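Novice: In this note's numbering, the protein residues as written are 68 to 191.
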């Protein structure tokens with residue numbers, strides 16, 4: 068199999084208040100600011116530039132629920148961790164809105180929401 072030409076991913080995240088969200092993604096999730104294009108966007112990164120989150124100031128944000136499925140998925144993106152309980156405790160200490168830790172098919176995880184209700188999973 069040939070090597071993929073891709074080295075990372077960029078995710079655009081709609082946010083209503085760019086300053087509040089920039090502070091949340093850096094303080095709560097530990098992302099680093101890579102670039103600011105104020106007042107319209109802030110580019111943050113995790114994992115040495117392999118995963119970029121571009122926070123885009125947006126209007127009339129509507130959260131689109133993940134479609135009903137038989138796989139148990141309820142959000143579009145997951146963050147992976149080696150220790151769910153430590154991640155859960157750290158995020159709670161930082162004031163994050165987190166769901167309860169659940170177990171499913173040999174995995175553990177919980178949900179987390181940013182200030183605009185963008186939902187992510189945290190799984191091991």
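Every residue, glycine too, gets a C-beta built ideally from N, C-alpha and C. Quick caveat: nothing in here was measured; it's all calculated off a predicted structure.
(1) Run through DSSP, which three-state label would residue 108 get?
(2) From which residue to which residue does the beta strand (DSSP E) around residue 122 run?
(3) Between which two residues does the alpha helix (DSSP H) harbouring residue 180 extend?
(4) Rounded to a whole number of angstroms, what is the C-alpha to C-alpha distance between residue 192 and residue 162?
(5) Determine whether the beta carbon atoms of residue 184 and residue 118 lie at a separation below 9 Å.
(6) For residue 98, is the classification buried or exposed, using 16 other Cβ atoms within 10 angstroms of its Cβ as the cut-off for buried?
(7) So, at 8 Å on beta carbons, what are the nonlocal neighbours of residue 168 in its own chain, with the 5 sequence-adjacent residues on each side left out?
(8) Please name the residue or residues paired with residue 146 in a DSSP beta bridge.
(9) Report yes or no: do the region 121-136 and the region 82-95 share at least 3 C-beta pairs separated by less than 8 Å?
(10) Excluding the 5 residues flanking residue 102 on each side, which residues of the same chain have their C-beta closer than 7 Å to its C-beta?
(11) Excluding the 5 residues flanking residue 94 on each side, which residues of the same chain have their C-beta closer than 7 Å to its C-beta?
Specialist: Walking through what the data contain:
(1) Strand at residue 108.
(2) 118-124
(3) No alpha helix (DSSP H) holds residue 180; the beta strand (DSSP E) holding it covers 174-180.
(4) The chain is shown only over 68 to 191; residue 192 falls outside these bounds and no answer can be derived.
(5) It is not a contact, given that the beta carbons lie outside the stated cut-off.
(6) Taking all protein chains shown into account, residue 98 has 16 or more neighbouring C-beta atoms within 10 Å of its C-beta and is therefore buried.
(7) Excluding five sequence positions before and after residue 168, the CB atoms of its chain that fall closer than 8 Å to its own CB belong to 151, 152, 155, 175, 176 and 177, given in chain order.
(8) 189
(9) In the pairwise beta carbon analysis, the region 121-136 is classified as touching the region 82-95: at least three pairs are separated by under 8 Å.
(10) 110
(11) Taking C-beta separations shorter than 7 Å and ignoring five residues to either side along the sequence, the partners of residue 94 in its chain run 161, following chain order.
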